[in-house]
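Take a look at the structure below.
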Amino acid sequence: MKPETKIISINAREVLDSRGNPTVEVEVSTPSAVGRASVPSGASTGTYEAVELRDGDKERFHGKGVTRAVSNVARIIGPGLKGFDCSDVRSIDRKMIRIDGTANKGKLGANAILGVSMAAARAFARSTDRTLLSVLRPAATYSLPVPMMNVINGGEHADNGLAIQEFVIEPVGARSCSEGIRMGSEVYHSLKKVLASKYGKGATNVGDEGGFAPPMTRTREALDALRRAARESGYGEEEVRFGIDAAASTFMNRRTRKYVVDGRSLSSSKLEDYYASLQNEFALLTLEDPFGEEEFDAFASITKRLGKETKIIGDDIYVTNLSRMRKGIAEESSNGILVKLNQIGTVSETEDAIRLGQRSGWVVAVSHRSGETEDPFIAHLATAFGSEFIKAGAPARGERVEKYNELLRIEEGLGSKARYAGVALR
Ligand code: PGA
Ligand code: ZN
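Listed below in structure tokens is the structure:
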């Protein structure tokens, strides 16, 4: 008998994320199963992201409550989607976009809409006893992503003096995703020793994404520590590569358009020179958000200069938004994109962003947010569409490792059919 996959009810609640802030959890029920999902939240959010609806009521959670989003799910979205089939998440997404009626999902809240979209996909998987991966993209050849592990935190994710937000390690030389995860964990623990011996034990306290937040002030200091840690784990440059997410909007002065980094105030062309010198010294494989979120020209200039060796990845500049991506494609502003479900607010639009990036020859990195939950949805999303990378934080803290652990389960489930994206990046 064919399982019943039509929506009979939708429930939502306020739960806590990894920073202890409230976020939305949704349950979509069919006659045969319940699909549950929860929504992440960023700190260095792009201006053009879909709207995360917060109550603003200072009496609760310092204004960060999400009861309005929760009630929008229960009172508006739930009744509106009754009878919709979970096998067709695209129609569900379209219907919610129509009910919301705004360009940025500001009425119902992208946190409300995304929770339903993710939970509906999962409800279909549960109802039909299939993996989430195969529901997101049926009958494909699946490739597991290279973990992009953020092991030193700076910027808005830590209280040290580093302007650059993230320093990541990328085990491209692994033979499989599971081996890559192991290599990443080994380097992470070597890094802990390197930092403790140089800066003392307090240097190994962790930031929001599980990376260490040592009292450093210079970009080179952080990259040096990564290189030492990789070497001490026995890995050379072909095996473990490095990347940074500058999140440069957070240290750009909007009036002067200069960037305050490493004790200097740099124009965008001087900052480009600086990145080029870092690239030369550390062979950076990825460079994310090197300039502010409006700086398409500066992005294009660095892509032209470094794009052969380095993937220039746009996060805040594109915010997983197709029209901003199209501008970037036309202007050759980058050769990669970071994709985040909650920047755009539905599963099907996220899929469209991944596909557009891939059609344009860009590398794709599916990403978590700095405020996460234990939901490992992105592990399935990345593998389903074969993104080159998954950015899910350090191999530490439950909400981060759950993504990596889910990849381990996925790889085991796929058996000999599992491929690894690192092979193409070496
Ligand atoms: P966010 O950081 O989740 O705080 O935006 C992640 C990133 O910038 O990639
Ligand atoms: Zn970023």
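Each residue of the sequence shown is one higher than the one before, counting from 4 in my numbering. We put the CB at the ideal spot given by N, CA and C, even for glycine. Remember, predicted model here, so these are calculated numbers, not experimental data.
Nearest candidate by alpha-carbon position, reference residue i, set the options
i: L288; options: F245, M328, Q346 and S252; result: F245
i: I357; options: E334, E335, M328 and K110; result: M328
i: M99; options: R140, E159, S90 and L84; result: L84
i: E28; options: V18, R22, R258 and P34; result: V18
i: S193; options: A232, Y277, K330 and G104; result: A232
i: G339; options: N345, G374 and P293; result: P293
i: A279; options: R223, V322, I320 and A250; result: R223
i: L136; options: L359, V350, R400 and Y321; result: V350
i: R230; options: I116, R400, R22 and K195; result: K195
i: A128; options: F380, T259 and R400; result: F380
i: R412; options: S181, V322, H160 and A122; result: S181
i: G425; options: Y321, S390, N408 and R257; result: S390
i: T105; options: G348, G360, T131 and L226; result: G348
i: E2; options: E402, Y321, S272 and K67; result: Absent from the model: residue 2. The displayed extent of the chain is 4 to 429, so no value can be given.
i: E303; options: S271, P141, F285 and A123; result: The sequence shown places Ala at residue 303, not Glu. Of S271, P141, F285 and A123, the residue nearest in Cα terms is S271.
i: T131; options: R234, M4 and M121; result: M4
i: C89; options: S120, R308, D319 and N324; result: S120
i: E375; options: D20, S12 and I13; result: D20
i: E335; options: G360, V322 and E354; result: G360
i: E312; options: I320, F285, G331 and L341; result: F285
i: P324; options: L341, T134 and A228; result: Sequence check: residue 324 is Asn here, not Pro. Measuring from the Cα of N324, the nearest candidate turns out to be L341.
i: D318; options: R258, A216 and G331; result: G331
i: F170; options: D227, R308 and G203; result: D227
i: R234; options: V404, I172, D276 and G66; result: I172
i: S188; options: K110, R372 and V404; result: V404
Outcome for residue i when other beta-carbon atoms lying within 10 angstroms are tallied against a minimum of 16
i: E298; result: buried
i: V42; result: buried
i: E241; result: exposed
i: E415; result: exposed
i: G418; result: exposed
i: S252; result: buried
i: V263; result: exposed
i: T50; result: exposed
i: K314; result: buried
i: E7; result: exposed
i: S200; result: exposed
i: H160; result: buried
i: R362; result: exposed
i: N283; result: exposed
i: D248; result: buried
i: E452; result: Residue 452 falls outside the range modelled here, since the chain spans only 4 to 429, and no answer is possible.
i: S74; result: exposed
i: A143; result: exposed
i: D300; result: exposed
i: K420; result: exposed
i: P217; result: buried
i: D103; result: buried
i: T259; result: exposed
i: A333; result: exposed
Under 8 angstroms between C-beta atoms of residue i and residue j
i: K343; j: S326; result: no
i: K108; j: A53; result: yes
i: G214; j: A397; result: yes
i: N114; j: L198; result: no
i: N163; j: D211; result: no
i: L165; j: T207; result: no
i: R422; j: S146; result: yes
i: V31; j: L428; result: no
i: V149; j: F392; result: yes
i: A36; j: G118; result: no
i: Q168; j: A250; result: yes
i: F87; j: I10; result: yes
i: R274; j: I316; result: In the sequence as displayed, the identity of residue 274 is Leu instead of Arg. Not closer than 8 angstroms, so no.
i: V243; j: M186; result: yes
i: A399; j: Y238; result: no
i: T306; j: S337; result: yes
i: R140; j: A368; result: no
i: R125; j: G38; result: yes
i: I95; j: A123; result: yes
i: G112; j: R71; result: yes
i: V69; j: P25; result: yes
i: G295; j: M255; result: yes
i: N153; j: K406; result: no
Residue i CB to nearest heavy atom of the ligand SAM below 7 angstroms
i: G205; result: With respect to the ligand SAM, the structure offers nothing, as its ligand set consists of the ligand PGA and the ligand ZN.
Hey, which unbroken runs of the beta strand (DSSP E) at 3 residues or more fall wholly within the stretch 310–375? The stretch 310–375 contains these whole beta strand (DSSP E) runs: 314–317, 339–342 and 366–370.
Under a criterion of Cβ closer than 6 angstroms to any non-hydrogen atom of the ligand ZN, which residues qualify, in chain order? D248, A250, E291, D292, D318 and L341
Every unbroken alpha helix (DSSP H) inside the stretch 112–142 [4 residues or more]: Taking only runs of at least 4 residues, the alpha helix (DSSP H) segments lying wholly in the stretch 112–142 are 113–131 and 135–139.
Please go through the stretch 175–235 and give each complete alpha helix (DSSP H) segment of 4 or more residues, from N-terminal end onward. Listed in chain order, the complete alpha helix (DSSP H) runs (minimum 4 residues) inside the stretch 175–235 are 180–202 and 222–235.
Can you list, in chain order, the stretches of the beta strand (DSSP E) that have 3 or more residues and sit fully within the stretch 270–314? 289–291
Can you list, in chain order, the stretches of the beta strand (DSSP E) that have 3 or more residues and sit fully within the stretch 389–429? If one requires a minimum length of 3 residues, the beta strand (DSSP E) runs lying completely within the stretch 389–429 are 392–394, in chain order.
Runs of 4 residues minimum, wholly inside the stretch 24–108: which ones carry the alpha helix (DSSP H) assignment? Every alpha helix (DSSP H) stretch that sits fully inside the stretch 24–108 and reaches 4 residues is listed by chain position as 70–75, 81–84 and 92–103.
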